[in-house]
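The block underneath contains the structure these notes are about, expressed in structure tokens.
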Amino acid sequence: MSGQANNKNFYDKRNLLAKARFLLSSPDMAHVPADDAFEVVFAGRSNAGKSSALNALCGQKSLARTSKTPGRTQQLVFFEIDETHRLVDLPGYGYAKVPVAMQRHWQQTLDKFLTTRKSLKGMVLMMDCRRPLREFDEQMLEWCAHQGMPVLVLLTKADKLKNGPAKSTLLQVKKSLSELPDITVQLFSTLKNTGITEARRHIIKWLELNPASS
32 MSGQANNKNF
42 YDKRNLLAKA
52 RFLLSSPDMA
62 HVPADDAFEV
72 VFAGRSNAGK
82 SSALNALCGQ
92 KSLARTSKTP
102 GRTQQLVFFE
112 IDETHRLVDL
122 PGYGYAKVPV
132 AMQRHWQQTL
142 DKFLTTRKSL
152 KGMVLMMDCR
162 RPLREFDEQM
172 LEWCAHQGMP
182 VLVLLTKADK
192 LKNGPAKSTL
202 LQVKKSLSEL
212 PDITVQLFST
222 LKNTGITEAR
232 RHIIKWLELN
242 PASS
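First residue of the sequence shown? That's 32 in the numbering used here, and the numbers climb one at a time after it.
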């Protein structure tokens, strides 16, 4: 047998993100937690595999719920590792099946959240490795560069490509982003456990987590 459930790294007891639990979901800025913690935000298109990546990074099967209708759930979702360390799941962007009025509302909400939230220490930006650097991805990267926020780009679903094309995509994306500051790019696959350990290290570093604090 193969897959996440049988991969020892997926359920690593030393994983400092493993204590993450659902804290709350907020439809607007009025209901978010106090801005007094260390937070890492997760972003990406609605079909980039964001929920699966969050589950794998935290070593849990169903921490982040997947939706059959991409982009339909428009909430800021907070997961708490402890009182001062959180993960924040943004709504997937590129909302093909979401009403225009809701798109506008969420554009304004996300802009305010990302611009004013002092707790944010870094962004994990997920892109399907078969379709990287689409318009919304580039806009998000430009915003992060402007704000001075470090970014970890995960080229998800790397198992969908053979080794050669996957490495070629990685090199192309790195080259395209080479002039932007503080960006790391890596291949990622929850199915084959590609890049999970490396991504965890980045997140743990941003959160300044250590065994004593978690």
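Yeah, the Cβ is synthetic: ideal placement off N, Cα and C, and Gly gets one too.
>> Suppose you measure from the CA of lysine 193 to the CA of lysine 205; what does that come to, to the nearest Å?
In response: The residue labelled residue 193 in the question sits at position 162 within the sequence shown. The residue labelled residue 205 in the question sits at position 174 within the sequence shown. The straight-line gap from Cα to Cα measures roughly 18 Å.
>> Let me check one thing: in DSSP terms, what residues is phenylalanine 144 bridge-paired to?
In response: What you label residue 144 is simply residue 113 of the sequence shown in a count that begins at 1. By DSSP's assignment, phenylalanine 144 forms no beta bridge with any residue.
>> Helix, strand or coil for arginine 117? Go by DSSP, reduced to three states.
In response: Residue 117 sits at position 86 when you count from the first residue of the sequence shown. If DSSP states are grouped into helix, strand and coil, arginine 117 belongs with the strands.
> When the distance is taken between beta carbons, is proline 242 closer than 8 Å to threonine 200?
Replying inline: Here residue 200 refers to the residue found at position 169 when the sequence shown is read from its first residue. Here residue 242 refers to the residue found at position 211 when the sequence shown is read from its first residue. For threonine 200 and proline 242, no; Cβs fall outside 8 Å.
> For histidine 62 versus leucine 238, is the C-beta distance shorter than 8 Å?
Replying inline: As a working mapping, residue 62 is identified with position 31 in the sequence shown. As a working mapping, residue 238 is identified with position 207 in the sequence shown. Contact flag unset, no.
> The alpha helix (DSSP H) with phenylalanine 69 in it runs from where to where?
Replying inline: The sequence position of residue 69 within the sequence shown is 38, counting from 1. For phenylalanine 69, there is no enclosing alpha helix (DSSP H); the enclosing beta strand (DSSP E) has its first and last residue at 69-75.
>> Going by C-alpha to C-alpha distance, which of Asp190, Ala95, Val184, Cys175 sits closest to proline 122?
In response: In the sequence shown, the residue the question calls residue 122 occupies position 91. It is Ala95.
> Using a Cβ-Cβ cut-off of 8 Å (strictly less than) and excluding sequence neighbours within five positions of glutamine 217, which residues of its own chain qualify?
Replying inline: Indexing the sequence shown from 1 puts residue 217 at position 186. Leu183, Val184, Leu185, Leu186, Leu201, Gly226, Glu229, Ala230, listed in sequence order.
> Expressed to the nearest angstrom, what Euclidean distance is found between the alpha-carbon atoms of alanine 68 and serine 150?
Replying inline: Here residue 68 refers to the residue found at position 37 of the sequence shown. Here residue 150 refers to the residue found at position 119 of the sequence shown. The C-alpha of serine 150 is placed about 5 Å away from the C-alpha of alanine 68.
>> What does the Cβ neighbour count give for glycine 179, buried or exposed, with the cut at 16 atoms within 10 Å?
In response: Residue numbering aside, residue 179 sits at position 148 when the sequence shown is read from its first letter. In this structure glycine 179 is exposed. Its beta-carbon is surrounded by fewer than 16 other beta-carbon atoms within 10 angstroms.
>> For alanine 87 and phenylalanine 109, I'd like the C-alpha separation in whole angstroms.
In response: Working through the sequence shown from its first residue, we reach residue 87 at position 56. Working through the sequence shown from its first residue, we reach residue 109 at position 78. When rounded, the distance between both Cα atoms is 16 Å.
> What number of angstroms, rounded off, separates the C-alpha of phenylalanine 53 from the C-alpha of histidine 177?
Replying inline: Position 22 of the sequence shown, counted from the first residue, corresponds to residue 53. Position 146 of the sequence shown, counted from the first residue, corresponds to residue 177. Between phenylalanine 53 and histidine 177, the alpha-carbon positions lie close to 30 Å from each other.
> Terminal residues of the continuous beta strand (DSSP E) containing threonine 225?
Replying inline: For this step, residue 225 is matched to residue 194 along the sequence shown. Annotation: threonine 225 is outside any beta strand (DSSP E) and is labelled neither H nor E by DSSP.
> Nearest to methionine 171 by CA position, among Arg135, Arg76, Ala84, is which residue?
Replying inline: Within the sequence shown, residue 171 is the residue found at index 140, counting from 1. Here the closest residue by C-alpha is Arg76.
>> According to DSSP, simplified to helix, strand and coil, what is leucine 238?
In response: Here the question's residue 238 lines up with position 207 in the sequence shown. Leucine 238 falls in the helix class under three-state DSSP.
> Would you report the Cα separation of arginine 232 and leucine 47, rounded to the nearest angstrom?
Replying inline: The residue you call residue 232 lines up with position 201 of the sequence shown. The residue you call residue 47 lines up with position 16 of the sequence shown. Taking the straight line from one Cα to the other gives about 9 Å.
>> If distances are taken between C-alpha atoms only, which option among Leu222, Val119, Asp190 comes closest to alanine 51?
In response: Position 20 of the sequence shown, counting from 1, holds the residue named residue 51. Nearest C-alpha to alanine 51: Val119.
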